[in-house]
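According to the working numbering, the stretch in the sequence shown is residues 568 to 834, in order. Ideal Cβ placement from N, Cα and C applies to all residues, glycine included. Report on the structure given below.
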Amino acid sequence: MKGVRHYPGFLILTLGCLLVLYAPLVVVTIYSFNDSSSITSWGGFSLRWYVDVLTGPESARFAAAAWNSITIAVLAATASTAIAVAAALAMIRSGRFRGKSATYALINLPLLVPEIVTAVATLIFFSVIGLTTGYLTILIAHVTFCIPFAYLPIAARLSGIEEVYEQAARDLYATRTQAFWLILLPLMMPGVVSGYLLAFIISLDDFIITNFVKGAGMETLPTAIFGSVKQGIKPNIMAISTVMLAVSVLFVSLSYLVNRIGQKTRT
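Structural data, given as structure tokens:
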């Protein structure tokens, strides 16, 4: 086709990158259904290790860690999404104000700073203010770094909503609060849901920051998996990893679909 550029070797390079990225995930998924106790030899298809996760010696530990992960993710996603909605309204509906560019940069700073740096800084901050590490410190840390993940789809959605809807509501004697709850928020909802789902999965999967601020005796699912791996890789770890992978893919796909639906309804 005229005007189309071809780059020799680009397809091979792309396939090689995809292989490096996804081959380990495929291997882990396949071997999570392995009947053998060995992680290197195939012994036939079985759900043995999924049953072991639910009823085996480590089941209580994994259940407690999963409960912590889910509750923290729900609370962190809820709080960060609420803050992201307020931030998006301030940035997009408040017009120009001094320091707007700096504020935007600060909101998105957690996306740019290496996670290990954020983890160390957060731990030092909690130590300085005398806050004991545990469930609360994990929750605070997760809310903080989840804000930009929730903010981006919300801000993108709000940017595409014309102000005429709010102006029409005000012309009909609606207050600013009524205009927001009855008009603007329903229009923003695809972005809000997408942001919530992203924040939830980012919180659920986080390991580095959580490992720094969790304190002794406190476990989330990623840190529990890491603790088990240090004692040797066992097939039940592959089963848990596969479940977490499936949940991550599901939530990311839902976030994408919600965004797509929102774009179609906007047009």
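Beta-carbon spacing of residue i, residue j below 8 Å
{"i": "Ala717", "j": "Ala653", "result": "no"}
{"i": "Tyr659", "j": "Ala722", "result": "It is Ile, not Tyr, that sits at residue 659 in the sequence shown. In this structure, Ala722 lies closer than 8 Å to Ile659 by Cβ."}
{"i": "Tyr732", "j": "Leu754", "result": "yes"}
{"i": "Val618", "j": "Ile705", "result": "no"}
{"i": "Ser636", "j": "Thr809", "result": "no"}
{"i": "Tyr763", "j": "Thr648", "result": "yes"}
{"i": "Phe693", "j": "Thr700", "result": "yes"}
{"i": "Ala791", "j": "Ala640", "result": "no"}
{"i": "Phe712", "j": "Pro681", "result": "no"}
{"i": "Ile750", "j": "Pro715", "result": "no"}
{"i": "Ser604", "j": "Pro802", "result": "yes"}
Beta-carbon contacts of residue i that lie in its chain and below 6 Å, excluding the five residues immediately before and after
{"i": "Ser795", "result": "Ile804"}
{"i": "Val825", "result": "Pro757, Val760, Ser761"}
{"i": "Leu725", "result": "Ala655, Ile659, Met755"}
{"i": "Pro789", "result": "Phe774"}
Cβ neighbour criterion (16 or more within 10 Å) applied to residue i
{"i": "Ala646", "result": "buried"}
{"i": "Trp748", "result": "exposed"}
{"i": "Phe629", "result": "buried"}
{"i": "Trp634", "result": "exposed"}
{"i": "Ala627", "result": "exposed"}
{"i": "Cys584", "result": "exposed"}
{"i": "Leu698", "result": "exposed"}
{"i": "Thr622", "result": "exposed"}
{"i": "Thr777", "result": "buried"}
{"i": "Pro591", "result": "exposed"}
{"i": "Leu719", "result": "buried"}
{"i": "Gly727", "result": "exposed"}
{"i": "Val695", "result": "exposed"}
{"i": "Ser770", "result": "buried"}
{"i": "Ile684", "result": "The identity of residue 684 in the sequence shown is Val, whereas the question assumes Ile. Classification of Val684: exposed, given that the 10 Å Cβ count is below 16."}
{"i": "Val587", "result": "exposed"}
{"i": "Gly576", "result": "exposed"}
CB contact below 8 Å: residue i versus chain B
{"i": "Ile728", "result": "Protein chains in the displayed structure number just one, and chain B is not present."}
Supposed contact pair residue j and residue i - C-beta distance, whole angstroms, cut 8 Å
{"i": "Ser815", "j": "Asp772", "result": "6 Å"}
{"i": "Ala643", "j": "His709", "result": "4 Å"}
{"i": "Phe600", "j": "Ser608", "result": "Not really, about 14 Å apart at Cβ, beyond 8 Å."}
{"i": "Ser822", "j": "Leu765", "result": "5 Å"}
Among the options, nearest to residue i - alpha-carbon criterion
{"i": "Ile807", "options": "Tyr598, Ala686, Ile828", "result": "Tyr598"}
{"i": "Thr689", "options": "Leu678, Asn675, Ile707, Gln745", "result": "Ile707"}
{"i": "Ile800", "options": "Leu582, Trp616, Ile579, Gly610", "result": "Trp616"}
{"i": "Glu625", "options": "Gln798, Ile579, Arg827", "result": "Gln798"}
{"i": "Thr593", "options": "Arg827, Gly782, Leu812", "result": "Per the sequence shown, residue 593 should be read as Val rather than Thr. Residue Leu812 is the option with its Cα nearest to Val593."}
{"i": "Gly784", "options": "Val587, Tyr702, Ser770", "result": "Tyr702"}
{"i": "Gly782", "options": "Ala686, Lys667, Arg665", "result": "Ala686"}
Same chain, Cβ closer than 7 Å to residue i, five either side skipped, listed in chain order
{"i": "Ile768", "result": "Ser815, Phe818, Val819"}
{"i": "Ile828", "result": "Pro757"}
Chain-order list of residues whose beta-carbon lies under 8 Å from that of residue i (same chain, five-residue window excluded)
{"i": "Arg737", "result": "Arg743, Ala746"}
{"i": "Asp602", "result": "Gly610, Gly611, Phe612, Ser613, Arg615"}
{"i": "Val595", "result": "Met805, Ser808, Thr809, Leu812"}
{"i": "Phe793", "result": "Phe774, Asn778"}
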